[in-house]
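Positions in the sequence shown are counted from 1; adding 38 to them yields the working numbering.
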Amino acid sequence: MARKKQIIIPIAILAIGIGAFIGFSSMKKPPEEKAEVDNRPIVAVENITVMPMTLEVSSYGVVKPKYETTIVAQVSGEVVELSDKFVRGGLVKKGQLLARIDPNDYHAALIDAQANMASARAALETEVAQGKVAEQEWQQITDTSPTELSLRKPQLAQELANVKSAQAAILRAERNLQRTEVRAPYDAMINSRTIGLGSFVGVGSEIGMLLGSAIAEVRLPVADNQLQFLIDQGLKSTVNLSGTFAGEELQWQAEIVRSEGVVDDNSRMTYLVAEIKDPYYLNHSNTAHDLPLRFGSYVKAKILGMTIENASVVPQYLVDNNQVALLDSESELHYAVVNVIRQEGGNVVINKGLLDGDQLITSSLDYPVEGMKLALINEEEAQNDDVATSLETAEVVINENEGE
Numbered sequence: 039m040a041r042k043k044q045i046i047i048p049i050a051i052l053a054i055g056i057g058a059f060i061g062f063s064s065m066k067k068p069p070e071e072k073a074e075v076d077n078r079p080i081v082a083v084e085n086i087t088v089m090p091m092t093l094e095v096s097s098y099g100v101v102k103p104k105y106e107t108t109i110v111a112q113v114s115g116e117v118v119e120l121s122d123k124f125v126r127g128g129l130v131k132k133g134q135l136l137a138r139i140d141p142n143d144y145h146a147a148l149i150d151a152q153a154n155m156a157s158a159r160a161a162l163e164t165e166v167a168q169g170k171v172a173e174q175e176w177q178q179i180t181d182t183s184p185t186e187l188s189l190r191k192p193q194l195a196q197e198l199a200n201v202k203s204a205q206a207a208i209l210r211a212e213r214n215l216q217r218t219e220v221r222a223p224y225d226a227m228i229n230s231r232t233i234g235l236g237s238f239v240g241v242g243s244e245i246g247m248l249l250g251s252a253i254a255e256v257r258l259p260v261a262d263n264q265l266q267f268l269i270d271q272g273l274k275s276t277v278n279l280s281g282t283f284a285g286e287e288l289q290w291q292a293e294i295v296r297s298e299g300v301v302d303d304n305s306r307m308t309y310l311v312a313e314i315k316d317p318y319y320l321n322h323s324n325t326a327h328d329l330p331l332r333f334g335s336y337v338k339a340k341i342l343g344m345t346i347e348n349a350s351v352v353p354q355y356l357v358d359n360n361q362v363a364l365l366d367s368e369s370e371l372h373y374a375v376v377n378v379i380r381q382e383g384g385n386v387v388i389n390k391g392l393l394d395g396d397q398l399i400t401s402s403l404d405y406p407v408e409g410m411k412l413a414l415i416n417e418e419e420a421q422n423d424d425v426a427t428s429l430e431t432a433e434v435v436i437n438e439n440e441g442e
């Protein structure tokens, strides 16, 4: 009996120990699974857009009339009439009367010239008749050839000269009479008037200044290194002008008609001249959006130049030694060699080396190596979300085991 107890008791103790071990083992928490760590550098990208682009050259200038004319008196006399439009800012048509100088003296001079003409014609006819009589008398006296003096040809030439002199006097008198009427030589705006009603003017006295309203010009300075982006040095190029009128930003269109052909000594710029037809809309009806381009206005200009078929715009700081960093389809770093044709502010225009849809890396890399694996910011966020979800699932399982 004692021997049986010695055998049963150790077995019971061993069974109790094994049961306790199994019980404690079932209460032990399983080891947490560690998430796989992604050591790829995280980058941000932008999609490249490749499209046709028309290059523009910026400039500026002041609007001025193509023609400016100082009107002066060509005859002397008292100003007896002034047009209501002959005031500063007035718009006049070609041939419109601006002022009239007293024409009475010039009427009298014309009548005097016409009288002298009549006398000269009468003297000429008389001399012609006397020449015929002298020729007949000479033939009755002798059969020899008469001399020119015998036929009164010198006297006839003198009378012909007197007639031509009288004709010239009439032309001068008519011209001076016409000059008593001061008329606009072209469609114009009155810039100034220096005479008044009743004032006396002499030959050469200034009457006023006109500004041609048919065509306006803008001198546009262009740097030498910008001319390469214009077609045919800018000749016939379209220009978009912008300026402020009554507090509103407006635009007009012009055309480059010529280059001044020299480099300015002070600014070292080449000046291109743009023309604007009918800037005050005098020859066609204007709409509410067709406001006049006033002389003296300061305008900004965009000269349209050559067109690049496959152009893309990239921030300048992303271009290093004519290379840009791209993220390829395998999520690897790839350097593309590009051709920069122009800088525009903080950007550069590229015409070779990039394709539409390429992913341009916009974030910096500490130790970039061609072909290295990279991760996008949105991919990293998705991985973090997956890890968080896995941890939450593991915690739920553990809690359920503990509850059991």
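Every residue, glycine too, gets a C-beta built ideally from N, C-alpha and C.
Could you tell me the alpha carbon to alpha carbon distance between residue i and residue j, rounded to whole angstroms?
| i | j | result |
| --- | --- | --- |
| K131 | M227 | 9 angstroms |
| Y318 | L162 | 58 angstroms |
| M155 | T164 | 14 angstroms |
| G334 | Q289 | 16 angstroms |
| N200 | Y144 | 21 angstroms |
| P406 | V95 | 37 angstroms |
| G343 | S275 | 7 angstroms |
| G128 | V113 | 24 angstroms |
| I253 | Y224 | 11 angstroms |
| A111 | N142 | 16 angstroms |
| S230 | E244 | 10 angstroms |
| L320 | P103 | 14 angstroms |
| R78 | Q397 | 17 angstroms |
| V117 | P259 | 44 angstroms |
| I139 | D270 | 51 angstroms |
| G395 | V301 | 43 angstroms |
| T282 | R332 | 10 angstroms |
| K191 | V241 | 42 angstroms |
| A363 | I86 | 12 angstroms |
| G246 | A312 | 27 angstroms |
| L215 | Y105 | 27 angstroms |
| D262 | M89 | 27 angstroms |
| T218 | S251 | 25 angstroms |
| A160 | E197 | 9 angstroms |
| G236 | E119 | 8 angstroms |
| V166 | Q193 | 9 angstroms |
| R380 | D358 | 15 angstroms |
| I54 | I60 | 10 angstroms |
| L93 | D404 | 35 angstroms |
| A146 | K202 | 20 angstroms |
| I294 | V101 | 14 angstroms |
My understanding is that residue i touches residue j, with C-beta atoms under 8 angstroms, so please give their C-beta distance in whole angstroms.
| i | j | result |
| --- | --- | --- |
| L248 | I109 | 6 angstroms |
| N389 | A349 | 5 angstroms |
| R306 | G99 | Not really, about 17 angstroms apart at Cβ, beyond 8 angstroms. |
| S369 | L412 | 6 angstroms |
| M91 | V387 | 7 angstroms |
In chain order, what residues of the same chain have a beta carbon less than 8 angstroms from the beta carbon of residue i, not counting five sequence neighbours either side?
| i | result |
| --- | --- |
| T222 | According to the sequence displayed, residue 222 carries Ala and not Thr. Excluding positions up to five away in sequence, the list reads V130, K131, K132, G133, Q134, L136 and L248. |
| K123 | L129, V130, Q134, L136 and I228 |
| N385 | V351, V352, P353 and Q354 |
| E438 | Note that E438 scores a pLDDT of 46, beneath 50, so its modelled location is shaky and nothing firm can be said. |
| F238 | S114, G115, E116 and V117 |
| K315 | A252 and I253 |
| V220 | I109, A111, L135, L136, A137, R138, I139 and I245 |
| E408 | L371, H372 and Y373 |
Here's a check: name, in chain order, each residue in its chain whose Cβ is nearer than 6 angstroms to the Cβ of residue i, leaving out the five neighbours to either side.
| i | result |
| --- | --- |
| L429 | Annotation note: pLDDT 40 at L429 (below 50); position unreliable, no value reported. |
| L279 | W290, A292, V337 and A339 |
| A204 | N154, M155 and A158 |
| T400 | A82 and E84 |
| M410 | L371 |
| L356 | V362 |
| R296 | V311 |
Count the other CB atoms within 10 Å of the CB of residue i; is the residue buried (16 or more) or exposed (fewer)?
| i | result |
| --- | --- |
| Y309 | buried |
| E255 | buried |
| R126 | exposed |
| L268 | buried |
| R213 | exposed |
| Q266 | exposed |
| Q264 | buried |
| I346 | buried |
| V375 | exposed |
| S97 | buried |
| I341 | buried |
| I415 | exposed |
| G272 | buried |
| L393 | exposed |
| I56 | exposed |
Answer yes or no: the CB of residue i versus the heavy atoms of the ligand MG, is any distance below 6 angstroms?
| i | result |
| --- | --- |
| Q291 | In the structure shown, the ligand MG is absent, as is every other ligand, since no ligand is present at all. |
Checklist entry - Should the stretch 140 to 154 be called in touch with the stretch 204 to 215, which here means at least 3 C-beta pairs below 8 angstroms? => result yes
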